[in-house]
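Peer 1:
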Ligand SMILES: N[C@@H](CCC(=O)N[C@@H](CS)C(=O)NCC(=O)O)C(=O)O
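Residue numbers (the numbering used here): 8 to 266.
(1) Given 7 Å as the limit, tell me if residue 125 has its C-beta closer than that to any heavy atom belonging to ligand 1.
(2) Pull up the DSSP beta-bridge partners for residue 215, would you.
(3) Within 10 angstroms of the Cβ of residue 90, are there 16 or more other Cβ atoms? Answer buried if so, exposed if not.
(4) Would you be able to state if there are at least three C-beta pairs under 8 Å between the segment 104-116 and the segment 175-191?
(5) Report back the beta-carbon spacing between residue 131 and residue 70 to the nearest angstrom; my notes put them in contact at under 8 Å.
(6) Please report the distance separating the alpha-carbon of residue 247 from that of residue 154.
(7) Got a sec: does ligand 1 put a non-hydrogen atom nearer than 7 Å to the Cβ of residue 171?
(8) Counting only runs of 4+ residues fully inside the segment 147-185, write out the alpha helix (DSSP H) ranges in chain order.
(9) Could you give the C-beta distance for residue 125 and residue 203, rounded to a whole number, given that I count them as a contact under 8 Å?
(10) May I ask whether a heavy atom of ligand 1 can be found less than 7 Å away from the beta carbon of residue 206?
(11) Taking only the alpha-carbon atoms, compute the straight-line gap between residue 166 and residue 159 and give it to the nearest angstrom.
(12) Quickly, what does DSSP pair residue 103 with across the bridge? List them, please.
(13) Got a sec? Which residues, its chain only, sit under 6 Å from residue 231 by beta carbon, not counting five neighbours each side?
(14) Given 7 Å as the limit, tell me if residue 137 has its C-beta closer than that to any heavy atom belonging to ligand 1.
(15) Where residue 73 and residue 96 are concerned, what is the direct C-alpha to C-alpha distance, given to the nearest angstrom?
Laid out in structure tokens, this is it:
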């Protein structure tokens, strides 16, 4: 069994490169990737912080590994990438958005009555939904993915809100059978919004030379734009390729079957 595991790991390593040879890729739907950062993970059950302990509901002191509910190539990919970038110890469970069943046979509507991804089940069992909230939670707990300074968090939320309510929303008609006029309106709105975000780049990424959760979200929107053959400004094309080359991004894309 051990020999077989080593063989699979070697095979995966030679096929995908060292960045992708994580045990996460060796299971189909639901798995737990203990990264090399797990020892430093402040949410790891072995090393709870007072702030985390304070948020545990008194009636439920059980702790489980955090779990992301996702659907391949959906907007939950942004959260998936951000969790990988953070090096968090987490599980993933795929959701079939048509049947609303999860890979382990749970009724997703019972988990969140919103019925859409992403949802993040925290290690105390609480469920977070909405990209903006989940990405903000990740940045708050893993500050390397946030924005520093007095207005840092506010600026990050400002950008996440823009990506969510202006860009993500504009891309929606492209996924559904919209009328020709609706498609045209969507394309024009997307072009304007991508133009604004392109001018907002403050270095390699939106807030400078370090990646933040906002970059993870923007990257997914750019993948969608690419899928639908939409033009993006040249700086954003370079940004997209820069993101695509990041080891954490490669892992998330491979897990979702997108590489
Ligand atoms: N307001 C939500 C929207 C999330 C969303 O649109 N999720 C889509 C995938 S990208 C979905 O799950 N759609 C399936 C459905 O609504 O049934 C957020 O920003 O997180």
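We put the beta carbon where it would ideally sit given N, CA and C, even for glycine. Given the structure is predicted, the values throughout are model-derived calculations rather than measurements.
Peer 2: In short, the structure shows the following:
(1) yes
(2) 212
(3) buried
(4) no
(5) 6 Å
(6) 20 Å
(7) yes
(8) 159-169 and 176-182
(9) 24 Å between Cβ atoms; not a contact.
(10) no
(11) 11 Å
(12) 108
(13) 178
(14) yes
(15) 7 Å
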